[in-house]
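First the structure, in the form of structure tokens, and then the observations on it.
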Amino acid sequence: MFLIRTTRPYAALAAAFALVTALLMTVGAPAPAHAADNGRWSVYPTSAQPGGRPYFYLTADPGTTLMDKVTVTNKADEPLTFKLYAADAYNTARDGGFAVRSLGEKQTGVGAWAKPEKARVTVPPGSSLDVPVTITVPESAEPGDHPGALVALDEKVDPAEGSVEVGVQRAVGARIYLRVGGPTMPALSVENVRMEHSQPLVPGFGKSTATITYTLYNRGNVTLNPKVELSAKGLFGRKLLDRDLTKVPSELLPRQKVQLTEHWSGSPQLDWGDVQLTATSEDIESSGSASFFALPWLVAAVLFGVLLGGGGMWFAKRRKARQAA
């Protein structure tokens, strides 16, 4: 399901289409193999076989045209009118979830190539409607994966909860996984690794935590299913941490990057070392690391006081020696 917010009066509806729309799903879990459904209507590829296809899985060479159909089912007890359009997919920056462009945004991939026969349909209650879809892959199309969705956007604008100035539009999209023929080049990198400490004032009284942020970047032209391992070593190479991360997008789309955060509870309060993140997907691997220096505030203050006092005494002795000379 998608949510689009707009302001009232409804004349401002066109501006709302420029807002980002996102598929709502469980973050970090594989996409469920069933039709896109929000309880009131569903969108899925048309199929003559029982159970049907959960998504569009298509392959084509540059310069070819594909023909298919999409089915929109109205489960409500009233007629529903939808705008049908194709949209490019991307990963959300917040958590890497699968999302698609809104109607008013520029489409450059399958969102521009796929055209439903009807841009606006009304489906009676308890009925389904099959709409032909034409996908024209241009000669200049880059090889690799071009994910997207066929979206049914409800024309009705509902008032947002707790607001009289904001309306909500809902949409459901059937995913499109289109692969254009040609060489595939999987590539993955881990970038911008940083670590920040939160430590108790007095060592040993309370637990310290660390926040590790990093960027996962799919530099290739195929969708990846990355796995990420976090490890940490302290002074003299002591192993402090080694675990697989779970808050990783299940699908990292081509040329997409996401910034992710991992929390380390019980991080060292007094140590010097580095953290390393290793991402793998099929036969490719990439790593990124960052150094850290853990020092409690009280210890730092004592050391600073000792250094300051020692420096003051040394300066006083030098001054006295000069005066005596």
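If you read the sequence shown in my numbering, its first letter stands for residue 1, the second for the next number, and so on. C-beta: ideal position from N, C-alpha, C; glycine also.
A direct Cα-to-Cα measurement between Leu188 and Asp145 gives close to 15 Å. At a Cβ-Cβ threshold of 7 Å, Ala174 and Ala36 count as neighbours. Of the candidates Pro147, Asn74, Pro138 and Ser102, Asn74 places its Cα closest to the Cα of Val121.
Under DSSP, Glu229 takes part in a beta bridge, and its partners are Asp244 and Thr278. Here Thr223 is buried: its Cβ has 16 or more other Cβ atoms, across all protein chains shown, within 10 Å.
For the pair Met195 and Ala294, the CB atoms are not nearer than the 7 Å cut-off. Of all C-beta pairs linking the stretch 212-227 to the stretch 253-263, three or more are shorter than 8 Å, placing the two stretches in contact. The three-state secondary structure of Gly266, taken from DSSP, is coil. Distance from the Cα of Val151 is smallest, within the candidate group Asn192, Ala89, Ser140 and Gly167, for Ala89. A direct Cα-to-Cα measurement between Gln269 and Ala232 gives close to 14 Å.
Close CB contacts of Lys69 within its chain, under the 8 Å cut and outside five residues either way in sequence, are with Pro45, Thr46, Asp130, Val131, Pro132 and Val133 (chain order). Between Ile176 and Phe82, the CB-CB gap reaches or exceeds 7 Å. Cβ contact annotation for Glu139 (same chain, cutoff 8 Å, sequence separation greater than five): Pro62 and Gly63, in chain order. By DSSP's assignment, Val172 forms a beta bridge with Ala152.
If you compare the alpha carbons of Glu285, Tyr214, Val180 and Asp77 with that of Gly39, the shortest gap goes to Asp77. Straight-line spacing of the CA atoms in Ala112 and Thr261 works out to 33 Å. Proximity to Lys207 across Glu155, Thr215, Trp264 and Lys227 peaks at Trp264, based on C-alpha coordinates. Going by C-alpha positions, Gly288 is about 11 Å away from Glu229. With a 10 Å radius around the Cβ and a threshold of 16 neighbouring Cβ atoms, Leu235 comes out exposed. The shortest CA-to-CA distance from Ala99 to any of Pro249, Val275, Ala324 and Ser267 is the one to Pro249. Every beta strand (DSSP E) of 3 residues or more that sits fully in the stretch 39-68 is shown, in chain order, as 41-45 and 56-60.
For Gly111, the uninterrupted alpha helix (DSSP H) segment begins and ends at Val110 to Trp113. In the three-state scheme derived from DSSP, where H, G and I count as helix and E and B as strand, Gly181 is classed as coil.
Under the three-state reduction of DSSP, Ala119 is assigned to coil, being neither helix nor strand.
Judged by beta-carbon spacing, Val193 lies within the 7 Å limit of Tyr214, meaning their Cβ atoms are closer than that value. In this structure, Val123 lies away from Leu84, with their beta-carbon atoms at least 7 Å apart. Across the structure, Gly97 and Asn91 are spaced so that their CA atoms are roughly 5 Å apart. With distances taken between CA atoms, Ser102 lies nearest to Ala171 out of Lys156, Ser198, Tyr217 and Ala171.
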